Amino acid sequence: MSMFHNPIKSTLYILKCFIYISVVVLLTVSCGSTAQQQTYTSHAVQPGETAYSIAKDYNISESTLYNLNPDAKNGIKVNSILILPSKDGVSKGPDGSKLRTHKVQRKETLYGIALLYKVSVDEIKKLNKELYARELKTGEELIIPAAPGDKGMINPNIGGPIPGTVEYTVKPKETKYGIARKFGISVAELEDLNPELSDELKIGTVLIVPDESVVDDAEINVEDYQFYEVKAKEGFYRLKVKFGLTEEEIIALNPYAKDGLREGMVLKIPKEDGFISTDDISTIDLEKRIDNKKMKTIALMLPFRLNQNANDSTQIAEDVLKKDPTLRIALDFYSGALMAAEFAKDQGIPVTLDVYDTERSDSKVASIISNKDFKNTDAVIGPLLQKNVEKAASMLEKENIPVFSPLSNRDMAMNENLFQSLPTNSVLEKLMIQYIKSHASGKNIIIISDSKRQRQKEKLQAALPTAKAFSPRNDYIQATDISGLMSEGKENWVILESESPVLVSSAVNVLAAMPAGHNIRLFTLNKNEAYEWHEVSSTRLVKLNFTFPSVNRSYSENAREPFVISYKNKYGVAPNRFAIRGFDVTYDVLLRLASEKDIYDAVLPESLTSYIENKFRYEKTEEKGYANQAAYILKYNKELKFDIVE
């Protein structure tokens, strides 16, 4: 028997649970301490010494010794040098020189760290031998040798000249990518050398660069070529799949690639319409890729407005829920996110959800972030409102904490750490146009649009130059207006672009009444509220095989979906789209965190993930941040439901 018989009571139950949890959280005191920075020294192994005896002498465990000296697992040899915690607090190297530690920040490179400390890459590797076999990891501590007479890290903008570097003056049309390519380094390494470097490079800016260039020019013909930064684990084969270029062709354009590709390398690539084709995209199951089972800490920021809604009266709470749709959405989303955390724990992923009430206020968001240490937070989901999520992303950008916007599909003020999880209308339009274009051969394409959809009409005509176009003068269409555009020998694909219920209704009626021999299929780039008007017949849309883009699909209530079953058992009702959205977004974030060392490494533009109703494929935007490029192409079927076309 269900606990509740209507959604309001179910949501009310969630609200009461949340208020109780929040009171408990607010009364909990968090304690912590600050540890002093560890210092290190070198130890030359003496005859008769073992790992156990050395560890005991330095008051550390054998596992700590092996973590600092991975090669020691193969046996300790006399006179070999070990790096160990210093007994006297003074760090010293094998030659008596001082040592220091450096915590690797995101996007830092070994090359850049070596330059900052005026030492060679090999000197760092000798003290951190595991780096001979693997790449640098964000957050790990490196032992750094001190250069003779050096007192600390160099700031290239303040200190003296860095060995192996020269000054370089930016020329017209040069970009960060072009300059990085010219000197054979990554953009991250260029930024290491020039911490104050902004996104917009100004002519005449003086930069620190390596003293030898690998190509002559730092600019390219932007009409024919573009820069591409090599991703982790990408090789020539992967680039061939992505761009259709052989290893020989890539090397011909980028001679320095002859020694192999490395992460961050900037390549010159012929320009095409886009990097990722549909054929390159593959759906992946992140549940099968879990290999990072460290604690995942998620900050969930939602507008509960507990300052107004914390009341014991059931009737008052019900009234509040009826009047406040944003609160209902927040609670439904929260219920789905809670289920996602439970599902993640079932996969062996420990999860901490830190829940914050944003009160729908920018100032409250700012107060939360200012008064809470987020350095151990793996990701922030929310806030719901666009202005609030933009505020959160802006304040957390310096710490590079990823912020996921869960529900806004509008164009946003992007930051490097902002992930827009809901596809924008522009993304939906692009996907629909790509679908029509790829299947347009042999079709008679007709565009019907009003004056308010002129931009969409121009996009369609650019992609489909042979398409016929008709724009009604009045908000109405008659059969005589479009009968002459039809073809009896071809399938007629009609693309209707309007937000007017009257125009949409008349167009659907006219098209559905056309003779059967015309074989008409109706499309739109934006299934808006006009298609929900009572005068727009669903049966006629079915007859026209109405096809449209959508950010989500509808799950089958008859399917034995574990999430839906669990949700019904817990709350007594089926989950609505906001509860499902909360589950899909949160579960995807948790699985990405569990599949890589951080969220940024788990975002590959050719990889798509799919859940109950939503799918995700994040791509770096042209400006900043990441945007979800994944959506569905749906078509009405005879049961008045939707088939997934793509």
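The sequence shown begins at 1236 in our numbering and counts up by one.
All residues carry an ideal CB built from backbone N, CA and C; glycine is no exception.
Since the structure is predicted, the reported quantities are computational estimates derived from the model, not experimental observations.
Tell whether a beta-carbon distance below 9 Å holds between residue i and residue j.
i: Val1600; j: Met1647; result: no
i: Lys1703; j: Leu1720; result: yes
i: Arg1756; j: Asn1780; result: yes
i: Glu1370; j: Lys1338; result: no
i: Thr1532; j: Asn1650; result: no
i: Thr1373; j: Lys1832; result: yes
i: Lys1678; j: Asn1727; result: yes
i: Ala1751; j: Ala1714; result: no
i: Ile1516; j: Tyr1460; result: no
i: Asp1306; j: Lys1364; result: yes
i: Met1574; j: Phe1798; result: yes
i: Leu1666; j: Glu1881; result: yes
i: Ser1882; j: Phe1478; result: With the chain covering 1236 to 1881 only, the question about residue 1882 has no answer from this structure.
i: Val1737; j: Tyr1766; result: no
i: Ser1676; j: Tyr1711; result: no
What is the C-beta distance between residue i and residue j, in whole angstroms, given that I count them as a contact (C-beta under 8 Å)?
i: Asp1685; j: Ser1718; result: Actually they do not touch by this definition, with Cβ atoms about 19 Å apart.
i: Ile1414; j: Val1441; result: Contact flag wrong, Cβ pair sits at about 12 Å.
i: Glu1883; j: Pro1538; result: Missing from the structure shown is residue 1883; the chain here goes from 1236 to 1881 and no further.
From residue i to residue j, what distance separates their C-alpha atoms?
i: Lys1870; j: Ile1668; result: 15 Å
i: Ser1265; j: Asp1494; result: Below a pLDDT of 50, predicted positions are generally treated as unreliable, and Ser1265, at 33, falls in that range; no measurement from the model is reported.
i: Leu1562; j: Arg1540; result: 8 Å
i: Glu1402; j: Leu1319; result: 39 Å
i: Ile1680; j: Arg1852; result: 30 Å
i: Val1465; j: Ile1420; result: 11 Å
i: Leu1839; j: Tyr1346; result: 24 Å
i: Gln1582; j: Val1280; result: 44 Å
i: Ile1359; j: Ile1378; result: 7 Å
i: Glu1770; j: Ile1525; result: 50 Å
i: Ile1393; j: Glu1431; result: Any answer about Ile1393 is weak, because its pLDDT of 40 lies below 50 and its placement is not dependable; what the coordinates show is given next. Ile1393 and Glu1431: Cα-Cα distance of roughly 11 Å.
i: Ile1815; j: Leu1566; result: 12 Å
i: Ser1268; j: Tyr1806; result: Model confidence at Ser1268 stands at a pLDDT of 31, short of 50, so the residue's coordinates are unreliable; what they give is reported in the following sentence. The alpha-carbon atoms of Ser1268 and Tyr1806 are separated by roughly 40 Å.
i: Phe1568; j: Phe1818; result: 7 Å
i: Leu1334; j: Ala1423; result: 25 Å
i: Lys1528; j: Leu1826; result: 10 Å
i: Asp1446; j: Leu1366; result: 25 Å
i: Asp1357; j: Thr1299; result: 23 Å
i: Ala1862; j: Lys1876; result: 28 Å
i: Asn1429; j: Pro1700; result: 47 Å
i: Gly1571; j: Lys1859; result: 29 Å
i: Val1407; j: Leu1436; result: Checking the sequence, you will find Pro at residue 1407 rather than Val. The straight-line gap from Cα to Cα measures roughly 10 Å.
i: Ile1879; j: Asn1660; result: 19 Å
i: Tyr1491; j: Arg1688; result: 48 Å
i: Ala1809; j: Ile1564; result: 15 Å
i: Ala1487; j: Lys1692; result: 41 Å
i: Ile1295; j: Asn1302; result: 11 Å
i: Val1501; j: Tyr1835; result: 19 Å
i: Glu1723; j: Lys1672; result: 21 Å
i: Ser1288; j: Asn1304; result: 15 Å
i: Ile1438; j: Thr1481; result: 35 Å
i: Leu1619; j: Leu1642; result: 6 Å
i: Lys1850; j: Ala1866; result: 7 Å
i: Arg1416; j: Leu1350; result: 18 Å
Relative to the C-alpha of residue i, which residue among the options is closest?
i: Ala1381; options: Ser1355, Ala1748, Phe1609; result: Ser1355
i: Lys1855; options: Lys1364, Pro1407, Ile1800, Leu1653; result: Leu1653
i: Ile1616; options: Lys1725, Ala1575, Ala1534, Leu1657; result: Ala1534
i: Asn1309; options: Thr1285, Glu1848, Leu1566; result: Thr1285
i: Ala1829; options: Val1638, Val1586, Asn1849; result: Val1586
i: Ala1579; options: Lys1523, Pro1560, Lys1557, Lys1859; result: Lys1523
i: Pro1637; options: Pro1305, Asp1446, Tyr1293, Arg1341; result: Arg1341
i: Val1777; options: Asn1744, Thr1715, Leu1350; result: Asn1744
i: Phe1471; options: Phe1462, Val1729, Glu1484; result: Glu1484
i: Glu1857; options: Ile1348, Tyr1463, Glu1632; result: Tyr1463
i: Val1729; options: Glu1796, Tyr1301, Ser1706; result: Ser1706
i: Phe1639; options: Arg1645, Gln1655, Glu1632; result: Gln1655
i: Ile1682; options: Leu1695, Ser1673, Glu1577; result: Leu1695
i: Asn1763; options: Asn1754, Pro1784, Glu1594, Tyr1867; result: Pro1784
i: Glu1844; options: Thr1518, Ser1321, Ser1448, Glu1482; result: The amino acid at residue 1844 is misidentified as Glu; the sequence shows Thr. Ranking Thr1518, Ser1321, Ser1448, Glu1482 by Cα distance to Thr1844 puts Thr1518 first.
i: Lys1312; options: His1278, Asp1292, Leu1657, Leu1620; result: His1278
i: Leu1760; options: Val1662, Leu1537, Ala1576, Ala1349; result: Val1662
Using a Cβ-Cβ cut-off of 9 Å, state whether residue i counts as contacting chain B.
i: Val1600; result: Among the protein chains of the structure shown there is no chain B, as only one such chain exists.
| message | Could you check whether the segment 1822-1832 touches the segment 1777-1793, counting it as contact only if at least three pairs of C-beta atoms, one from each stretch, sit closer than 8 Å? | response | no
| Taking one C-beta from the segment 1584-1601 and one from the segment 1617-1624 each time, how about it: are there three or more such pairs within less than 8 Å? | yes
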